[in-house]
Amino acid sequence: MRHPSHGIHQRALPNATCYRHLTLSELSSVLHIPDERARCALDHAVVTDDFEAEQMVLEARRLKLSPGDVEGVIHQSIKDARLRKHYEELFQKTFLPALTASRDIDLHRIRRTTEVAPEFLHATLFYFDSSRGFVQTAPVLGPKDAESSTQLRDAAGIDALTLAGKVESVRAWEEVLEGARRLAGSGQWALALEAFSAALAMCCPHGSLPNATCYRHLTLSELSSVLHIPDERGRCALDHAVVTDDFEAEQMVLEARRLKLSPGDVESVIHQSIKDARLRKHYEELFQKSFLPALTASRDIDLHRIRRTYAETLATDTAKRRAFDNLKYVRYTDLVDFGRFPRSTDGLTQEYHVLEPGSRPATPILFFSHRWIHPDPWAQAPSAAEHTQYKRVLAAAAAFLTLHPKVEQADLSIWIDYACIDQEHPLSGIAALPMVLAQCDALISLVDEEYHGRAWCSVEVLMAQALQRVCGRRVWYEHVEQFGQTGEDAAADGLHAGLREGPKDVYTTLAGKRLRFEEDRSKVLFLERQIRLFLTTGPRAPGGEDV
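If you read the sequence shown in my numbering, its first letter stands for residue 481, the second for the next number, and so on.
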C-alpha cells in the first residue's frame, strides 16, 4: 500500500488537501471488504507489520467516526486487529501442525508449546480464571499429572510463581469488587464506598495486578453503573460522600461519573452534580435539625420560632446563605394600594431579619400559588393587562380574612413569586421554596382548569401536602372563580367567597406536567425529590397523617 500523501507534492493537483480527503474517503468506504483469508485492510497492514499502511487505514477510519468516539474506537480497532494476528500465528504455526500430523492428536504437545505474547498475558489469565477453580479442570502451566511442565508462559519474566501471584491478585480484586457491588445494590453507601475505594487501592501501578490501569477502569466503570441507587433516605453515592464530608469518596464518585459523559458535557454536568448534592445536604440539615423539631413538637406550631431559626441559620452559615433566599413578603395593604403585582425590584418586598429590632413580620403570611396566564410566554409580568391573577389574590386574601376574623387586615402579609423571588437571579429563591412555604400560615392555590396540569403549581401543592401529612397542619386552600354560582351552590361546594380547603385525597405527581420554560424541568424534579424525601424520613406530629 502507498500512503495517499506519497507523491502529492510532485504532482500539480489543484487542491492537494481536497484530493487527500477524497482519497481517504474512498479508502474508508472499502475498508471492511475481506480478502480470501477474511482479512480486511487493517488486518492486512497489521499482519504484514506495515506501519505506514496501518496509519493510513486508521486515518481513513477516523473520517467516519463522531468526534467523541474517535480515540476509543481506533484503540479498540488496533487491539482487535492485533488479537486476530495472534490467533492466526497460534493456529497456523502451533496448533495446525500438531492437529494435522496424525489421527492421534497430542494435546500434551499443544499445551506445552503454547506461547503468549507479554502484552496479552492478562487476556490469557482472564480466559482461564473466568471458570474459577481452573487448577482442577484446565491446566495453565501444564497438565497437573505431568512430572514437569516447561510451557513458554514465562515471557518477559512471567514465571510460574509470578503468574500464580497475579491470578490470586485478580481473584482478591474480584471478591472486593463483588462485595462493593452487593453493598451498593442494597443502598449501603458507607460500606460500599469503602469497598470501592479498597478495590481501587489494589489497582496501583506497582501492585500485583497484571494491568493496573485496566483494572482501575473496570472498578470505576462498575461504580458508575450503580451510582444512582438510593439508600433508605434517598441518598445516592454522591449525596452520601457530600453529606459525610468524605472528600476522597466524592472525588472517586465524580471520576466514575465522568466515564458515562460525552466529552463536551463533562465539566458542566460534574459542576451541576456537585452543586445539587450540596444543596440536598443543606436541605437535610435545615429540615432535620431546624424545621422538623419545631414543626412536629405539637399541634400548635410556633411559626415565629421557625422563621427566627431560618433567619439565624442564613445569617451565620455562608454556604446556606448563598444557596437559599431569605423569607420575603409583601404587606397586604401595600399590595392593595399598589394596584398590581409589584416586581421584586419595586421596593415593596420586605425581608425577615431576626437580628434587627422590630423585624418580626406581620402574621400570618399567605403563600399564593398560581400559574402565569399572560398569552406572551416571554412577558415580564405574570398576568395579562387586566391583572386577572392580581384581582384573584386580593379576593382570596379578603376571603381568608373573613374566615379568620381574629386576623387584622393590617397584620396580613403575602408571599407571591413575582414580588418575592428575584426575577433577575431566581435560583436561590426557587431553592428556598420548601423552606418558605413551611414558614407560611397557609397556601392558597388560584385554581382554574389548567392549574393542576402545571408543574410549578404541582410542586407547591406537594409541599402543602407534605406539611399536612408530617405536621398535621391544614394549610392548603383553593380559590375557585365563581361564575354565576348562587350562595347556596357555593356553600354546597364548600366555598366561602370562592375559598375552600384543598382536597385531602388529591395525588400529586410531576410526571407529564407542563412548564412555560422546559429548562425549568430539572428544578421542579429536584424540588419534588426533596419534598418526597421529607415525606418519607420526617417524623409524625400529633394528628399528622400517614403517607
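Glycine residues also receive a C-beta, built at the ideal position from the N, C-alpha and C atoms. All values derive from a computational prediction rather than experimental measurement.
Residues that DSSP places opposite Arg737 in a beta bridge: Reading the sequence shown from its first residue, position 257 is the one you call residue 737. DSSP lists no partner for Arg737.
Distance CB(Ala692)-CB(Val656) smaller than 7 Å: Locating residue 692 in the sequence shown gives position 212, where the first residue counts as 1. Locating residue 656 in the sequence shown gives position 176, where the first residue counts as 1. No, the Cβ-Cβ distance between Ala692 and Val656 is not below 7 Å.
Leu846 - containing beta strand (DSSP E), residue span: In the sequence shown, residue 846 corresponds to position 366, counting from 1. 845-849 is the span of the beta strand (DSSP E), which, as asked, contains Leu846.
4 or more residues per run - each alpha helix (DSSP H) lying fully within the segment 765-842: If you keep only unbroken alpha helix (DSSP H) runs of at least 4 residues inside the segment 765-842, you get 772-776, 783-796, 798-803, 812-818.
Distance, Ala799 Cα to Thr813 Cα: Counting from one through the sequence shown, the residue named residue 813 turns up at place 333. Counting from one through the sequence shown, the residue named residue 799 turns up at place 319. In a straight line, the C-alpha of Thr813 is about 35 Å away from that of Ala799.
Rounded Cβ spacing between Thr793 and Ser770 (contact assumed at less than 8 Å): As a position in the sequence shown, residue 793 is number 313, starting the count at 1. As a position in the sequence shown, residue 770 is number 290, starting the count at 1. About 6 Å; that satisfies the 8 Å criterion.
Val887 - DSSP class collapsed to helix/strand/coil: Residue numbering aside, residue 887 sits at position 407 when the sequence shown is read from its first letter. Coil at Val887, not helix or strand.
Given 8 Å, three or more beta-carbon pairs between the segment 993-1011 and the segment 902-918: Between the segment 993-1011 and the segment 902-918, the count of C-beta pairs closer than 8 Å reaches three or more; the two stretches touch.
Identity of the residue in Arg787, Pro494, Ala533 nearest Leu507 by Cα: Here residue 507 refers to the residue found at position 27 when the sequence shown is read from its first residue. Nearest C-alpha to Leu507: Ala533.
Beta-carbon separation (whole angstroms), Met732 vs Phe767, contact threshold 8 Å: Taking the sequence shown and counting its residues from 1, the one referred to as residue 732 is at position 252. Taking the sequence shown and counting its residues from 1, the one referred to as residue 767 is at position 287. Actually they are not in contact, since the Cβ atoms of Met732 and Phe767 sit about 28 Å apart, beyond 8 Å.
Which of helix, strand or coil DSSP assigns to Ile558: Locating residue 558 in the sequence shown gives position 78, where the first residue counts as 1. Ile558: helix per DSSP, three-state reduction.
Coarse secondary structure for Val537, derived from DSSP in three states: Counting from 1 along the sequence shown, the entry for residue 537 is found at position 57. Residue state, collapsed to three classes: helix.
For Glu981, three-class secondary structure by DSSP: Here residue 981 refers to the residue found at position 501 when the sequence shown is read from its first residue. Three-state DSSP puts Glu981 in a strand.
Bridge partner(s) assigned by DSSP for Arg994: For the purposes of this step, residue 994 is identified with residue 514 of the sequence shown, where counting begins at 1. Arg994 pairs with Arg934.
Between the CA atoms of Leu700 and Lys740 - distance to the nearest angstrom: Locating residue 740 in the sequence shown gives position 260, where the first residue counts as 1. Locating residue 700 in the sequence shown gives position 220, where the first residue counts as 1. About 10 Å.
Whole-angstrom distance between Gly667 and Glu1008, CA atom to CA atom: As a position in the sequence shown, residue 1008 is number 528, starting the count at 1. As a position in the sequence shown, residue 667 is number 187, starting the count at 1. Using only the alpha carbons, I get a separation of about 21 Å.
Between the CA atoms of Tyr763 and Gln1010 - distance to the nearest angstrom: Along the sequence shown, read from residue 1 onward, the residue named residue 1010 stands at position 530. Along the sequence shown, read from residue 1 onward, the residue named residue 763 stands at position 283. About 8 Å.
Interface flag, Ala899 vs chain C, CB-CB below 7 Å: As a matter of chain content, chain C is missing from the structure shown, which is built from one protein chain.
Top-ranked residue by Cα proximity to Asp726, from Val706, Phe571, Lys761, Val526: Taking the sequence shown and counting its residues from 1, one reaches residue 726 at position 246. Asp726 has its Cα closest to that of Lys761, out of Val706, Phe571, Lys761, Val526.
Buried versus exposed, by CB contacts within 10 Å (16 or more), Cys683: Looking up residue 683 in the sequence shown gives position 203. Buried, since its Cβ has 16 or more Cβ neighbours within 10 Å.
Cβ contact (3+ pairs, closer than 8 Å) linking the segment 937-955 and the segment 866-885: no
Nearest neighbour of Phe1006, chosen from Ile513, Ala561, Ala670, Gly714 [CA to CA]: Residue mapping note: residue 1006 aligns to position 526 of the sequence shown, counting from 1. Per the Cα distances, Gly714.
Stretch pair the segment 924-944 + the segment 843-850: three plus CB contacts closer than 8 Å: yes
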